[in-house]
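Structure follows, in structure tokens:
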């Protein structure tokens with residue numbers, strides 16, 4: 003099977019509905035997408051990327067309103083930040099609702115959610131009517147792709163289709179934030195800086211590093227975005 007490249011949104015939607023994996027563009031990097039509720043397709047993401055099952059995935063939704071469906075509580079401060087920064091490269095870590103499989107969260111009770119700032123990908127999610135999970139469309143430990151050809155170079159023959167949306171605007175992964183105590187903390191540094199967040203929060207959020215070797219959010223693993231893994 004040779005991976006096809008194109009820009010047919012209807013084709014992408016049909017492939018995803020049939021359980022196939024499709025690479026889609028975002029403002030950060032290209033993501034390897036599957037419908038979040040299709041566990042076989044989600045498992046296939048881990049297999050194709052050679053990604054450890056202990057590394058959680060990020061849920062991609064098309065609106066702030068949709069976020070409410072997949073979390074138990076959407077804290078007010080996160081709603082304010084979402085209004086300011088979304089769609090955009092900011093991911094929120096919140097307590098998941100029962101509808102979100104622990105396969106996605108790697109057994110954690112929190113799920114990472116974001117609204118990608120890409121008109122094509124938002125159209126795909128809207129047409130599906132469901133979120134997708136979409137980690138970077140590369141082999142685990144390799145450089146994240148910012149062009150469709152980068153995806154083909156690594157995953158040709160392993161996935162059905164790459165939606166060519168041109169070069170990603172930012173080329174850096176999203177910033178992941180959560181709440182510990184009463185303050186916002188950063189779990190992964192990305193396009194949105196602590197200073198960007200601090201302008202709204204009134205304080206500079208600290209960086210939280212997991213200490214028990216169990217990541218609570220995507221990217222909290224050494225070498226996760228390195229060009230190659232020793």
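Numbering (my numbering), first residue to last: 3 to 232.
For glycine and all other residues, C-beta sits at the position ideal for the given N, C-alpha and C.
Predicted model only: the values in this text are computed from it and were never measured.
- Task: Take residue 13 as the anchor and find which of 125, 74, 101 has the nearest alpha-carbon.
- Result: If you number the chain shown from 1, residue 13 lands on position 11. Answer by Cα proximity: 125.
Expected contact under 8 Å - CB spacing of residue 150 and residue 72 to nearest Å:
On the chain shown, position 148 is the one that residue 150 refers to. On the chain shown, position 70 is the one that residue 72 refers to. 29 Å between Cβ atoms; not a contact.
Original post:
What did DSSP end up calling residue 29 once you bin it into helix, strand or coil?
Top reply: Translated into the one-based positions of the chain shown, residue 29 becomes position 27. Three-state result, residue 29: coil.
Problem - Pairwise C-alpha distance: residue 202 and residue 136 - result: The sequence position of residue 136 within the chain shown is 134, counting from 1. The sequence position of residue 202 within the chain shown is 200, counting from 1. Approximately 28 Å between the Cα atoms of the pair.
Practice item. Can you tell me which of the three DSSP states residue 165 falls into? Key: As a working mapping, residue 165 is identified with position 163 in the chain shown. Here residue 165 sits in strand by DSSP.
In terms of residues, what are the limits of the alpha helix (DSSP H) holding residue 98? Looking up residue 98 in the chain shown gives position 96. No alpha helix (DSSP H) contains residue 98, which DSSP labels as neither H nor E.
Which residue comes first and which comes last in the beta strand (DSSP E) that contains residue 21? As a working note, residue 21 is residue 19 in the chain shown. No beta strand (DSSP E) holds residue 21; DSSP gives it neither H nor E.
Residue range of the alpha helix (DSSP H) that residue 200 falls in?
If you number the chain shown from 1, residue 200 lands on position 198. 196-203 is the span of the alpha helix (DSSP H), which, as asked, contains residue 200.
Exercise. Report, in whole angstroms, the separation of the C-beta atoms of residue 58 and residue 107, which I expect to be a contact under 8 Å.
Key: The count along the chain shown starts at 1 and reaches residue 58 at position 56. The count along the chain shown starts at 1 and reaches residue 107 at position 105. Contact between residue 58 and residue 107 holds, since their C-beta atoms are separated by about 5 Å, short of 8 Å.
Fill in: Where residue 34 sits in the DSSP three-state scheme
As a position in the chain shown, residue 34 is number 32, starting the count at 1. Residue state, collapsed to three classes: strand.
Note to self: Applying the 10 Å Cβ sphere with the 16-neighbour rule, what's the burial state of residue 95?
What the structure shows: Stepping through the chain shown from its first residue, residue 95 is reached at position 93. Buried: at least 16 other Cβ atoms inside 10 Å.
(message) What would DSSP say about residue 125, mapped onto helix, strand or coil?
(response) Start at 1 with the first residue of the chain shown, and residue 125 comes out as number 123. Helix at residue 125.
### Message
Below 8 Å, how does it come out for the region 87-94 and the region 173-191: are there three or more Cβ pairs, yes or no?
### Response
Touching, yes.
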